[in-house]
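Chemist: Just so you know, the sequence shown maps onto residues 4 to 184 in the numbering used here. Even for Gly, the Cβ is constructed at its ideal location relative to N, Cα and C. Note that the structure is predicted; figures quoted are calculated from it, not measured. I have a structure I would like to understand better, so I am pasting it below and will then ask my questions one at a time.
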Amino acid sequence: METEQQLLNAIVSGESQAMRRLYDRFSGYTTAIALRYIPDYDAVRDVLQDSFVSILTNVRQFDFRGEGTLKAWVARIVVNHAIDWIKEHERNITISDMPKEVVDDDVPDVDDVPPDILDAMIGQLPVGYRTVLNLYVFEQLSHKDIAKRLGIKESSSASQFFHAKKLLAEMIRKYRYSQAI
């Protein structure tokens, strides 16, 4: 398999099929990322189109720092475009600050939930919950960074994450119950 460095070198040298190989290599991965944020296939196609235009336009300026950095860069661009799409098309991505309450840090065990089922559950979360959950869990951003990125308060980010975990845990419990019957 072609390394990221080899692929980048082919793109920079103007090889005619190199950009297509970049797309083919990352299209499935980027689709999965975008679907975590936007569970609408038509919207995801739009986000991916915009993302790949940005990727292919800027790939020559990408600073390669080792295997895996291209994949991470591509993922970051897709996440940024997905969040921009959400901000433009979704209403009410924030909720008001919740009163301080005892936080239940129990994270539901997802090991026995198939990935496609878990993705579908995440896709059913309200947009604000889903966005914060993805940024916190998958992108490993702090609530401070999430707040800055989404233009919300840090406490709103934490509150949305708390409620997303609770709702997701309930969905997982219902799924397990349905599987036990």
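Take tyrosine 132 and list the residues in its own chain whose beta-carbon comes closer than 7 Å to its own, dropping the five residues that flank it on each side.
Modeler: Gln163, His166, Ala167, Leu170, listed in sequence order.
Chemist: Under the rule that 16 or more other beta-carbon atoms within 10 Å means buried, what is glutamate 3, buried or exposed?
Modeler: Past the boundaries of the shown model lies residue 3; the chain is included only from 4 to 184, so the question cannot be answered.
Chemist: Take leucine 11 and list the residues in its own chain whose beta-carbon comes closer than 8 Å to its own, dropping the five residues that flank it on each side.
Modeler: Closer than 8 Å at the Cβ level, and outside the excluded window around leucine 11, lie Val62, Phe65, Phe67, Leu73.
Chemist: In this structure, how does DSSP classify glutamine 9 when only helix, strand and coil are distinguished?
Modeler: Residue state, collapsed to three classes: helix.
Chemist: Report buried or exposed for glutamine 20, applying the criterion of at least 16 other Cβ atoms within 10 angstroms of its Cβ.
Modeler: By the 10 Å Cβ count, glutamine 20 comes out exposed.
Chemist: Around the C-beta of histidine 146, are 16 or more other C-beta atoms found within 10 angstroms, so that it is buried, or is it exposed?
Modeler: So histidine 146 counts as buried.
Chemist: With a Cβ-Cβ cutoff of 8 Å, do isoleucine 149 and valine 135 count as a contact?
Modeler: In contact: isoleucine 149 and valine 135 (Cβ atoms closer than 8 Å).
Chemist: What residue range is occupied by the uninterrupted alpha helix (DSSP H) comprising lysine 74?
Modeler: Looking at the DSSP string, the run of the alpha helix (DSSP H) that includes lysine 74 is 72 to 92.
Chemist: Buried or exposed: where does serine 160 fall if 16 or more other Cβ atoms within 10 Å of its Cβ makes it buried?
Modeler: Its Cβ being crowded by 16 or more others within 10 Å, serine 160 is buried.
Chemist: From aspartate 100 to lysine 90, what does the alpha carbon distance come to, in whole angstroms?
Modeler: With a pLDDT of only 38 at aspartate 100, under the threshold of 50, the placement of this residue in the model should not be trusted, and no figure is reported.
Chemist: Report all residues from its chain with a CB closer than 7 Å to the CB of serine 54; omit the five preceding and five following residues, and keep chain order.
Modeler: Taken in chain order, the residues that qualify are Thr33, Ile80, Val81, His84.
Chemist: For methionine 22, which residues from the same chain have a beta carbon less than 7 Å from its beta carbon, with the 5 sequence-adjacent residues on both sides left out?
Modeler: So the qualifying residues of the chain are Ile14, Leu59.
Chemist: By DSSP, does arginine 39 sit in helix, in strand, or in coil?
Modeler: Helix at arginine 39.
Chemist: So for glycine 126, helix, strand or coil by DSSP?
Modeler: Looking at glycine 126 - three-state DSSP - the assignment turns out to be helix.
Chemist: I need the DSSP call for serine 158, collapsed to helix, strand or coil.
Modeler: It is helical.
Chemist: Taking only the alpha-carbon atoms, compute the straight-line gap between tyrosine 178 and valine 113 and give it to the nearest angstrom.
Modeler: Taking the straight line joining both Cα atoms gives about 11 Å.
Chemist: In terms of residues, what are the limits of the alpha helix (DSSP H) holding leucine 153?
Modeler: 146 to 153 is the extent of the alpha helix (DSSP H) around leucine 153.
Chemist: Suppose the cutoff is 8 Å on Cβ atoms and the five residues either side in sequence are ignored; what does the same chain contact list for leucine 128 look like?
Modeler: These residues qualify, in order along the chain: Leu136, Ala167, Leu170, Leu171.
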